[in-house]
Each structure stands twice: as structure tokens, then as C-alpha cells.
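Q: The sequence shown: position 29 = 198 (the working numbering), numbered continuously.
My questions all concern the structure below.
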Amino acid sequence: MGEKQKRQQKLQTIPQIPCIRVPLSADMSLLKDLTRGQQRYFYSIMRIYNSRPQWEALQTRYIHSLRHQQLLGYITQQEALACMLYLGDSTNKASAKEGLQRAIPWKASAMTRTWLPAVPVSVV
Numbered sequence: 170m171g172e173k174q175k176r177q178q179k180l181q182t183i184p185q186i187p188c189i190r191v192p193l194s195a196d197m198s199l200l201k202d203l204t205r206g207q208q209r210y211f212y213s214i215m216r217i218y219n220s221r222p223q224w225e226a227l228q229t230r231y232i233h234s235l236r237h238q239q240l241l242g243y244i245t246q247q248e249a250l251a252c253m254l255y256l257g258d259s260t261n262k263a264s265a266k267e268g269l270q271r272a273i274p275w276k277a278s279a280m281t282r283t284w285l286p287a288v289p290v291s292v293v
């Protein structure tokens with residue numbers, strides 16, 4: 170009986186490899202011709218390079234900073250609310266822009282920029 174319990178304890182301590190589940194909301198145009206394993210692998214890479222969690226963490230930090238400044242009396246409640254509304258508006262605009270960029274196909278001619286030469290400023 171003691172050996173059976175030891176074996177069960179060994180089996181319980183074996184780390185489990187987490188199963189990567191590809192959500193239905195994932196960009197299926199990239200994943201449609203791949204096998205299930207390839208989809209999971211590709212999605213794990215997509216998840217690593219997703220900047221959304223860092224963006225949300227930065228927003229949260231900024232909101233906490235605004236609240237702290239308000240509590241200390243550095244800014245008024247109206248100023249804090251105005252900053253939070255501006256942050257929300259810019260986030261919505263960035264999300265809409267991101268959606269448009271995915272819908273528009275990439276064109277090399279549209280992505281190139283011509284820079285104007287720097288004009289020297291004369292000092293008097």
C-alpha cells in the first residue's frame with residue numbers, strides 16, 4: 170500500500186503542460202489552412218506579441234496615478250475626470266484605427282513616406 174501511495178504522489182507532482190485553446194474570436198483568416206496543432210502554436214505566438222495587455226496595464230496605472238494625485242490635492246476631481254475621459258476617447262480611437270488597419274490591405278506605395286529636408290535655423 171505504501172508503494173501505491175508513493176506512485177500516486179509522484180504522478181500528482183508531474184507538471185501538466187497547459188493546453189492552448191484558440192478562441193473563436195481569433196483571426197481565422199490566418200489560421201484557416203492550418204492543422205489544430207499548428208493553430209495552437211501560431212496562436213501562442215500571436216498571444217506573446219499582443220500589446221493589448223500592456224496597453225491595459227498602462228491605462229490602469231495612469232488612472233491610479235490620477236486618483237492618487239486627486240487624493241493628494243494636486244488636481245481637482247474635474248481635472249481627473251477630464252483626463253480619464255480623454256484617455257477613454259483615445260483608447261476608442263486607437264481600437265477603431267486598429268480595426269481599420271486590419272481591414273485595409275497593405276500597399277507598399279501607401280506605406281512609404283517622403284521626408285522634407287531639414288531647414289537650418291539661423292541664430293541671431
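Cβ coordinates follow ideal geometry from the N, Cα and C atoms, glycine included.
Decide if the segment 223-234 is in contact with the segment 199-214; the criterion is three or more beta carbon pairs, one per stretch, under 8 Å apart.
A: Judged by Cβ distances under 8 Å, the segment 223-234 makes no contact with the segment 199-214, as fewer than three pairs qualify.
Q: Determine the closest residue to W224 out of L256, L199, Q238, with distance taken between C-alpha atoms.
A: Nearest of L256, L199, Q238 to W224, Cα basis: L256.
Q: Helix, strand or coil for S259? Go by DSSP, reduced to three states.
A: In the structure shown, S259 sits in a helix (DSSP, three-state: H, G or I).
Q: Go through the segment 214-254 residue by residue and report every complete run of the alpha helix (DSSP H) that reaches 4 residues or more, in order.
A: As far as the segment 214-254 is concerned, its whole alpha helix (DSSP H) runs of at least 4 residues are 221-241.
Q: Roughly how many angstroms lie between the CA atoms of L164 and G242, to the nearest whole one?
A: The requested residue 164 is not part of the displayed model; the chain covers only 170 to 293.
Q: So, using beta-carbon positions, are V191 and Y212 closer together than 8 Å?
A: In this structure, Y212 lies closer than 8 Å to V191 by Cβ.
Q: Leaving out five residues on either side along the sequence, give the residues of the same chain with a beta carbon under 7 Å from the beta carbon of Q246.
A: If we look at Q246 and ignore the five residues flanking it on each side, its Cβ neighbours are Q239.
Q: Quick one: Cα of T260 to Cα of H237, how far?
A: Cα-Cα distance, rounded: 21 Å.
Q: Output the distance between the C-alpha atoms of L254 and S198, rounded to the nearest integer angstrom.
A: Spanning the two alpha carbons is a distance of roughly 35 Å.
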